[in-house]
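In the working numbering, the protein residues as written are 453 to 726. Yeah, the Cβ is synthetic: ideal placement off N, Cα and C, and Gly gets one too. Below is one structure, written out as structure tokens; comments come after it.
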């Protein structure tokens, strides 16, 4: 019998893509020779924001900064749990200035912030499932950051090794569908992970939804769930079928323009957990 799904009110931080363009290449999705349409990116972002508002969620906004086109990918900006903000420390110099801007936003809004000593890219590589953080490594975030986060937060942090450069952040290979303790459910694409990490995921989440390669390459796992509604890439049709079978309501939102920078719905959405 399918478990009844219940949405919970969320608070998100987003950044309007007023300066979105692809001027450098730091992941396989980026191609500086391919034109970007900023107005289309803004329209797609607004559709995503409006979906959250329609479901009763709170959306906070951080001002975009010129020269930081990837700032739209707010999930990379920090990790927030129990009101504590663990700042991002980006691997590539092109994004380095984003971390302090996000940390300042949180400090200005009354949050306790902790400046990271170790390289990490926020919720891009750090996902809370129940009381446990799943933390990616292999391309962007150093495993040393996992230990730093565990010490700061008091939460268990489980390291997962990513091995396919297309899925350079954990949130491109795993979607958290239900984050309630005792009801944890994820979807993931096994080939994105090392054999050891696949075994860890299989043992911890035997009921997980397995994404197809078609789902994964559409960045279908870069999804956002409130426990019932799941924002998903329209091209991730297999995943949508599985979500309905599990009692969720998939809500396709086109983020293909933003995908030119390597991100989808989740990349644009940083959850604020007070």
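- With 16 or more neighbouring CB atoms inside 10 Å of its own CB, residue 712 falls in the buried class.
- Here the alpha carbon of residue 723 sits roughly 16 Å from the alpha carbon of residue 497.
- The residues 639 and 694, in chain order, have a CB closer than 6 Å to that of residue 661 in the same chain once the five nearest residues on each side in sequence are set aside.
- Under the criterion of beta carbons closer than 8 Å, residue 520 and residue 511 do not qualify as touching, at roughly 20 Å.
- DSSP links residue 456 through a beta bridge to no other residue.
- With 16 or more other CB atoms across the displayed protein chains lying within 10 angstroms of its CB, residue 554 is buried.
- By the CB criterion at 9 Å, residue 541 and residue 517 fall outside the cutoff.
- Looking at 657, 718, 635 and 633, the one whose alpha-carbon comes closest to that of residue 642 is 657.
- Taking all protein chains in view, the Cβ of residue 457 is crowded by 16 or more other Cβ atoms within 10 Å, so the residue is classified as buried.
- Closest in C-alpha terms to residue 620, from the list 653, 674, 709 and 596, comes 674.
- In the displayed model, residue 704 falls within a strand according to three-state DSSP.
- Of all alpha-carbon atoms in 508, 565 and 473, the one lying nearest the alpha-carbon of residue 525 is that of 473.
- Residue 530 carries a strand assignment under DSSP once its states are collapsed to helix, strand and coil.
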